[in-house]
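Before any comments, here is the structure.
Number of protein chains: 2
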Amino acid sequence: MQNLLREYKASIFHALAHPTRVAIVEALRDGEISARVIQERLGVEQANLSQHLAILRSRQIVANRKEGNQVFYSLRNKALVKVLDMMRRYFQAHLAEEVQMLGEIEAEDPARRKERLD
Amino acid sequence: MQNLLREYKASIFHALAHPTRVAIVEALRDGEISARVIQERLGVEQANLSQHLAILRSRQIVANRKEGNQVFYSLRNKALVKVLDMMRRYFQAHLAEEVQMLGEIEAEDPARRKERLD
DNA sequence: TGCGAATATTCGAAAAAGCGAATATTCTTA
DNA sequence: TAAGAATATTCGCTTTTTCGAATATTCGCA
């Protein structure tokens with residue numbers, strides 16, 4: 839059972855372990871949108887987006903609602919948003935550190951940097 | 839640039855997207871321990887553990903400190919522990935939902951169920 | 001110095017993930 | 001009912017991941 843839980847956690851991470859899927863989840867942050875809109879926003883192939891959506895669906899990360907011709911996607915669980923928020927802080931902390939290590943930071947507008955991390 | 843950030847996020851998720859690596863992070867939650875102890879605790883092959891540790895190292899998720907013959911690993915950021923704890927609750931919620939959907943719940947001792955999920 | 005313990009790396013094979021092209025399905029509307 | 005839009009699925013193919021076996025490295029100690 840301990841194992842089952844770990845496999846579950848890993849499977850959620852796995853579902854998020856692709857830039858396109860990260861982008862999808864971020865696109866859904868502010869509410870549901872149609873697959874078409876997601877596709878346009880991300881600029882990926884239709885089939886490819888559909889495949890990624892299928893993965894997120896299979897992990898129960900997104901819900902889909904059919905309306906006529908279109909399918910609207912949304913995040914299924916607010917807890918996940920909290921997880922993502924927590925990870926966002928993690929990313930900020932580490933990115934700052936790593937970027938600094940690479941010496942690439944050099945007097946950037948802090949407001950813009952923050953925005954980039956959202 | 840937005841893309842670069844998404845790739846970074848995905849790479850962190852990816853690093854955590856394996857049950858063994860989740861188990862490693864959990865094993866480190868109370869402080870540093872040696873690779874040997876991790877291996878014993880998880881019951882995996884030595885080479886395999888070392889490979890997983892290399893992945894966590896490369897993503898800067900763990901730090902390692904050499905002391906004589908041994909190497910002690912630790913979490914670079916405790917926030918991950920919170921993330922994992924949150925995911926446990928997330929898991930419980932989903933499991934509860936699914937179990938309920940299957941109608942398999944039927945008066946189980948709540949204390950035992952909670953324990954099983956820890 | 002040389003042996004043994006702890007850890008890391010390399011290698012080859014098997015499994016899984018990712019992609020675009022083609023095709024299928026489901027609606028809407030003419 | 002046929003055309004067309006939106007979405008999903010299937011199919012090969014390539015790339016990546018994962019594993020254990022074998023090997024290398026590093027350190028402490030007899």
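First to last, the protein sequences are chains A and B.
Heads up, my numbering is the position in the first sequence plus 838, with the first residue counted as 1.
Heads up, my numbering is the position in the second sequence plus 838, with the first residue counted as 1.
Where is the CB? At the ideal position from N, CA and C, for every residue including glycine.
Please classify residue i: is it buried, with 16 or more other beta-carbons within 10 angstroms of its beta-carbon, or exposed?
i               : result
K847 of chain A : buried
L842 of chain A : exposed
M839 of chain A : exposed
V919 of chain A : exposed
A885 of chain B : exposed
R867 of chain B : exposed
A931 of chain A : exposed
E953 of chain A : Only weak support is given to the placement of E953 of chain A: the predicted model assigns it a pLDDT of 46, under 50, and the value that follows is read from those uncertain coordinates. So E953 of chain A ends up on the exposed side.
V855 of chain B : In the sequence under discussion, the amino acid at residue 855 of chain B is Ala, which differs from the Val named in the question. Answer is buried; the Cβ neighbour count reaches 16.
Mind pulling the chain A residues with CB within less than 7 Å of residue i?
i               : result
G902 of chain B : Checking the sequence, you will find Asn at residue 902 of chain B rather than Gly. Per Cβ cutoff of 7 Å: no residues; N902 of chain B is ~17 Å from chain A at best.
A861 of chain B : R844
In the DSSP output, what is residue i paired with across the bridge?
i               : result
F851 of chain B : Answer is none; F851 of chain B lacks a bridge partner.
E905 of chain A : A:Q908
I871 of chain B : B:Y911
V860 of chain B : In the DSSP output, where bridge partners are listed per residue, V860 of chain B has none listed.
V919 of chain A : According to DSSP, V919 of chain A bridges with nothing at all.
V882 of chain B : Bridge partners of V882 of chain B: none, in fact.
Mind checking if residue i is an interface residue toward chain A, Cβ cutoff 8 Å exclusive?
i               : result
I850 of chain B : yes
V875 of chain B : no
L854 of chain B : yes
N841 of chain B : yes
Could one say the Cβ of residue i lies closer than 8 Å to chain B's Cβ atoms, at least one of them?
i               : result
R867 of chain A : no
V882 of chain A : no
Please check the pair residue i and residue j, which I expect to be a contact at CB under 8 Å, by giving their CB distance rounded to whole angstroms.
i               : j               : result
M876 of chain A : I862 of chain A : Note on residue identity: the sequence assigns Ile, not Met, to residue 876 of chain A. Right, their Cβ atoms sit about 6 Å apart.
A865 of chain A : R859 of chain A : Contact doesn't hold; Cβ gap of about 10 Å is too wide.
S872 of chain A : V909 of chain A : 7 Å
V921 of chain B : V921 of chain A : 6 Å
E878 of chain B : R903 of chain B : At roughly 19 Å, the Cβ-Cβ gap does not stay under 8 Å, so E878 of chain B and R903 of chain B are not in contact.
Against residue i, what residues of chain B qualify as contacts under a CB-to-CB distance less than 8 Å, listed in chain order?
i               : result
N886 of chain A : Simply none; closest approach about 15 Å.
L918 of chain A : Y928
Q898 of chain A : H932
V921 of chain A : V921, M924, M925 and Y928
Which bits of chain A does residue i rub up against, with CB to CB less than 9 Å?
i               : result
N915 of chain B : Y928, A931 and H932
Cβ closer than 8 Å: which chain A residues qualify as neighbours of residue i?
i               : result
L894 of chain B : None at all; the shortest Cβ gap to chain A is about 12 Å.
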